[in-house]
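The block underneath contains the structure these notes are about, expressed in structure tokens.
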Amino acid sequence: MQNLPLTRREFIRGAGGLGFLAFSGVAPAFLARSAMAQTPAPERDRSILVIIQLAGGNDGLNTVIPFTDDRYYNLRPTLGLKNGLLHLNDDLALHPSCKDLHKLYNDGKISIVQNVGYPNPNRSHFRSTEIWETASDADTFQREGWLGRYFDNDCAGNPEADNINADPTAIHVGDMIPQSYLSEKSHSLFGMKHRGRFDRGNDPADLAYEKLLQADHIEGNASYLQHTMMNTLVTERRVEKIIANYKALSSYPGTKLAQSLKRVAALIHADMETRVYFVSQSGYDTHANQLRNQARLLSELSTAMSAFQKDLNAHKKDDQVLTMTFSEFGRRPAENGSGGTDHGTAAPLFVMGSKVNGGLLGKSPELVSDVKKDLEYSTDFRGVYSSVLDKWLEADSSNILGKQFEPVPFV
Amino acid sequence: MSQSSPTPQNFAIEDAWKPLPGGFWRIEEAQHFLRRVGFSASPEAVTSALRGSPKAYLQQAFRPDSGMQRSDALKEFTANIHQRYQHIYREVEDEEEKRKLRQEIQREENELFRGFAMDWFYYARQPQQSAREKFVVFLQDIFVVEQNKVRDTELLFSLQQTLREGTTNSYPELCKKISREPAMVRYLDLLQNTARKPNENFARELFELFTLGEGNYTETDIKEAARAFTGYRIKKRREFYQEQRLHDDSKKTIFGETGKWNGDDVVDITFRQPAAKTFLIRELIKFYLTEEVVPEPYIQALGEQWAEHNFSLSYLIETFFQSRLFFHPAYRGNMVKSPLHFYIGLCQDLRIDIAPFEARVLRSMATMGQSFYNPPNVRGWLYGEHWINSTTISARRQLVDYIFAKLDEENLNANEQRDLEAAREAGRGNFLVTQERLQQVLSLAADDLATHLTTYFITAPSRATYRNALQSILGNTQDEGAAKRVRYAIIALLQSPAYNLC
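Same order as they appear, the protein sequences are chains S and E.
Under numbering that gives the first Met the number 0, the residue at position 234 of the first sequence is numbered 233, and the numbers go up by one with no gaps.
Under numbering that gives the first Met the number 0, the residue at position 447 of the second sequence is numbered 446, and the numbers go up by one with no gaps.
Given below as structure tokens:
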């Protein structure tokens, strides 16, 4: 299928693809309504949140480097960074790979929140990711994600699940729905791949799926399943079309992260009603060979974020978008014996956008010479969330997070 | 659902629960049976089942055995935990140090739980265990506890093991045993239930969720029953005992019977109520047969038989799963697979292992809506179409995509690399479908392959239309590019509405 049918007649006449659905077992009313419904006028001024997950636990001390602190170099005889540091102030510098981020920092388009963590930190990837994504205390368990609770509270959801023209509430890139999105009510969530061809009407994988989806299901659960799958497929087609036709106004590197963000930019440019996007970059679990690996990862992060921001600027969408990173934990202050670092606690995170206040926020971590000691967080990550919710998404953070956290003034 | 549902007019009540006549035990029936009793109906399983009878299959599947084994890590943790806590509370003075030690225990506890979850998936994935494990899941959805609240792997394991062994017990006996399971004692606040301050939580759920159902008891029955369950205690974090000082030994009147009842007496009295004869059967029907309303006379009839057999679960299992009603064509092919069923069934259908990455498996289960041992609330999961919404459907599709994708070994974190190595050593490294494996089916012509795939993977109602669609997707299987098309065709089939049903 080359184009989405725009009218009911086109829908029915369509020679292949979804056109045939008009004659299949799916309730005709659903088709007629979906095909005739006007695309709702997008609300142009909606604020949008983009989350970048740095999976594996990014080493904070080699991201924002306390280069005047001898203890840093004592704890890290081989990993301590000295050359090419990108100064943020008299004591702190960004990793040499973060040139683009450094420029954004100097332009006031990035706030760096220092030493973000939570009480009684957990060092398991699984559990600590869960804590970050559900915004729970270290010793309480919650299924719903912090953004899922935001959807429950503040997004109308998909009361009319039949309306296939409704945009997804949230979109993620990757093969798994982030736990941050899990909610009590049902919302339309959509996942996309970070790359792939887009003349997908001819992609045999999708043609195959589409073909089977058109099989006759007269009644019962099969028809209900088919219906739900159709809705998702229609969204998929629309998203693909938007992405395929998108002209980026900055040059994105070929990395997975950059390509993911390019797709997000395309959807934002198309005025989708989607409020939240989630992309992920993995590989930060640097138990060994950290110097090389983290340099590559941070370089990918820096160039991707910068290309994304430039693109938004050029499309005049920058006022609408806030981009934020997070990682499940930082790493130990002392290096290990394999040229790496083990799981730790607090770490800095980046918040990017035209509307951010810029600068370094929160207190720097306090290093101690004891190699066994870990960093004590100074900013609770839920304070970061509360600012995002209250100030950016205009929601009620205490309602969503269960209590009030000290906000972080990046917006 | 080509055939209309049975009614006492067209399908005699006295025949409904008789075993399926031998002549009707055919491929279709065996597939229905295997997918409903377990998770998958592979051609080998069908052939093997057809050599015997449903009865023989059930006897084998529910044979008494030692069940699932605790991991060494869990045994060791459990052996020491009481001492470790004693150490913390009696010997450590520094508050900060106490906190750290408790936190360390909690961390180990979480790790053990995830290990237990994975062990269970591996265990239930073995075809010879599947039927009973599915029944355990059924019972877990009756005797609900949430890991989030209990947070003790040993107790959760123990409860599950009791349910597993309970399949050879009578249902009242199982109820009594469950009332003594520390996980349940904690979950439904029996610890807070004392003669001076009764707590009704357990008594209410005993009536409402375990035995009778709403509307079949009064608030007074609950209040009186709660007093009978007073004094249930746990010592050394693990061991159940009854504390006479906390027990209310006075007279209670429950369902009109007056006496100095204790908890076990309440269970016995409960099973003299008419509603107890049919409650579990209704649940069984919902879980295994249909979301439709099954005419009441059928349910009453089985209820009477079951009561006559002293509520024996083996009797119920054998009667229900080989009955003519269970095999009625109206009840075939229209049940939405639960996420557990979907994943384990997928692994069995494709003859692959459970992926060795706990974060992936457990989160994928959560996204599909069925987080291991963590139902949304005391009522358990709502089955059927409740599993399906845009999020869970995407999660199911993504799971299939993952199984057919290449493993991105570069980007695994250290834990995952370790788990991958361990799985390969244990012979469980085959958890994705490789292109080489798909190559093997190319010896078949497209029409034969389409027939094979639809017979293998989906139920009868959708076969004809799917077969044609698949055949056209497959094209010439000797062509260049055929291997790819086979892959797409199978992925599409596994993501289709029909594959989500059984």
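Even for Gly, the Cβ is constructed at its ideal location relative to N, Cα and C.
This one's a predicted model, so the numbers in the text were calculated from it and none came from an experiment.
Strictly by DSSP, which residues pair up with residue i?
{"i": "E:E256", "result": "E:I253"}
{"i": "S:L54", "result": "The sequence given here has Ala at residue 54 of chain S, not Leu. BP columns for S:A54 point to S:S281."}
{"i": "S:D106", "result": "The partner list for S:D106 (beta bridge, DSSP) is empty, contrary to what the question assumes."}
{"i": "S:V115", "result": "S:A346, S:T378"}
{"i": "E:I298", "result": "Answer is none; E:I298 lacks a bridge partner."}
{"i": "S:I170", "result": "S:F189, S:Y276"}
{"i": "S:I64", "result": "S:A92"}
{"i": "S:L85", "result": "S:L93"}
{"i": "E:P18", "result": "E:S322"}
{"i": "E:S311", "result": "E:S169"}
{"i": "E:L493", "result": "Answer is none; E:L493 lacks a bridge partner."}
{"i": "S:I47", "result": "S:V320"}
CB residue i to CB residue j, shorter than 8 Å?
{"i": "S:N121", "j": "S:A137", "result": "yes"}
{"i": "E:Y487", "j": "S:P203", "result": "yes"}
{"i": "S:S377", "j": "S:N119", "result": "no"}
{"i": "S:T234", "j": "S:F189", "result": "yes"}
{"i": "S:H59", "j": "S:G329", "result": "The sequence given here has Gly at residue 59 of chain S, not His. In contact: S:G59 and S:G329 (Cβ atoms closer than 8 Å)."}
{"i": "S:N220", "j": "E:E384", "result": "yes"}
{"i": "S:L256", "j": "S:L321", "result": "no"}
{"i": "S:A287", "j": "S:G339", "result": "yes"}
{"i": "E:F278", "j": "E:G212", "result": "yes"}
{"i": "S:V350", "j": "S:I109", "result": "yes"}
{"i": "S:T227", "j": "E:N388", "result": "yes"}
{"i": "E:G480", "j": "E:A445", "result": "no"}
{"i": "E:C501", "j": "E:K285", "result": "no"}
{"i": "E:A116", "j": "E:F371", "result": "yes"}
{"i": "E:Q321", "j": "E:L57", "result": "yes"}
{"i": "E:Q8", "j": "E:A329", "result": "no"}
{"i": "E:V266", "j": "E:K148", "result": "no"}
{"i": "E:V399", "j": "E:I490", "result": "yes"}
{"i": "S:Q225", "j": "E:P18", "result": "no"}
{"i": "S:L374", "j": "S:D68", "result": "no"}
{"i": "E:T464", "j": "E:L441", "result": "no"}
{"i": "S:V278", "j": "S:I51", "result": "yes"}
{"i": "S:T273", "j": "S:A394", "result": "no"}
Around the Cβ of residue i, are there at least 16 other Cβ atoms within 10 angstroms (buried) or fewer (exposed)?
{"i": "S:T324", "result": "buried"}
{"i": "S:F22", "result": "Unreliable placement is indicated for S:F22, whose pLDDT of 34 sits below 50; the coordinate value is still reported in the next sentence. Exposed."}
{"i": "S:H92", "result": "According to the sequence provided, residue 92 of chain S is Ala. The question's His does not apply to it. Per the 10 Å Cβ criterion, buried."}
{"i": "S:P177", "result": "buried"}
{"i": "E:H31", "result": "buried"}
{"i": "S:T231", "result": "buried"}
{"i": "S:G101", "result": "The sequence given here has His at residue 101 of chain S, not Gly. Answer is buried; the Cβ neighbour count reaches 16."}
{"i": "E:E420", "result": "exposed"}
{"i": "S:D106", "result": "exposed"}
{"i": "S:Y104", "result": "buried"}
{"i": "E:T252", "result": "exposed"}
{"i": "S:Y180", "result": "buried"}
{"i": "S:D318", "result": "exposed"}
{"i": "E:H340", "result": "buried"}
{"i": "S:K261", "result": "buried"}
{"i": "S:L17", "result": "Low per-residue confidence applies at S:L17: pLDDT is 41, beneath 50, and the placement is therefore not dependable, though the value from the model is reported in the following sentence. It is buried - the Cβ of S:L17 has at least 16 other Cβ atoms within 10 Å."}
Segments of 4+ residues assigned as alpha helix (DSSP H) that fall wholly inside the segment 191 to 270 of chain E: 200 to 204, 218 to 227, 262 to 269
Q) Residue ranges of each alpha helix (DSSP H) run of no fewer than 4 residues wholly in the segment 289 to 371 of chain S, ordered along the chain? A) 289 to 313
Fill in: Every unbroken alpha helix (DSSP H) within the segment 336 to 384 of chain E, with a cutoff of 4 residues, ordered by chain
338 to 348, 357 to 367
Run through the segment 81 to 164 of chain E for me and flag every whole alpha helix (DSSP H) of 4 or more residues, listed as ranges in chain order. 94 to 124, 126 to 139, 146 to 149
- Query: Counting Cβ pairs, one atom from each stretch, are 3 or more of them under 8 Å apart for the segment 465 to 480 of chain E and the segment 314 to 329 of chain E?
  - Reply: no
message = If contact is defined by three or more beta carbon pairs under 8 Å, each pair taking one atom from either stretch, is the segment 242 to 251 of chain E in contact with the segment 302 to 320 of chain E?
response = no
- Query: Would you say the segment 219 to 239 of chain E touches the segment 194 to 205 of chain E, given that touching needs at least three Cβ pairs under 8 Å?
  - Reply: yes
Counting only runs that start and end within the segment 218 to 272 of chain S, where is the alpha helix (DSSP H) found for 4 or more residues in a row? 219 to 243, 255 to 268
### Query
Counting pairs of Cβ atoms below 8 Å between the segment 151 to 161 of chain E and the segment 60 to 78 of chain E, do you hit three or more?
yes
- Query: Would you call the segment 31 to 43 of chain E and the segment 111 to 131 of chain E in contact, with 3 or more CB pairs under 8 Å?
  - Reply: yes
* Asked: How about the segment 349 to 359 of chain E and the segment 430 to 448 of chain E: do they share at least three Cβ pairs that are nearer than 8 Å?
  -> yes
Uninterrupted beta strand (DSSP E) stretches inside the segment 10 to 72 of chain E (no shorter than 3 residues):
none
For the segment 266 to 277 of chain E against the segment 289 to 302 of chain E, are there 3 or more C-beta pairs whose distance is under 8 Å?
yes
Handout entry: Sequence ranges, alpha helix (DSSP H) only - wholly within the segment 401 to 426 of chain E, length at least 4
Key = 413 to 424
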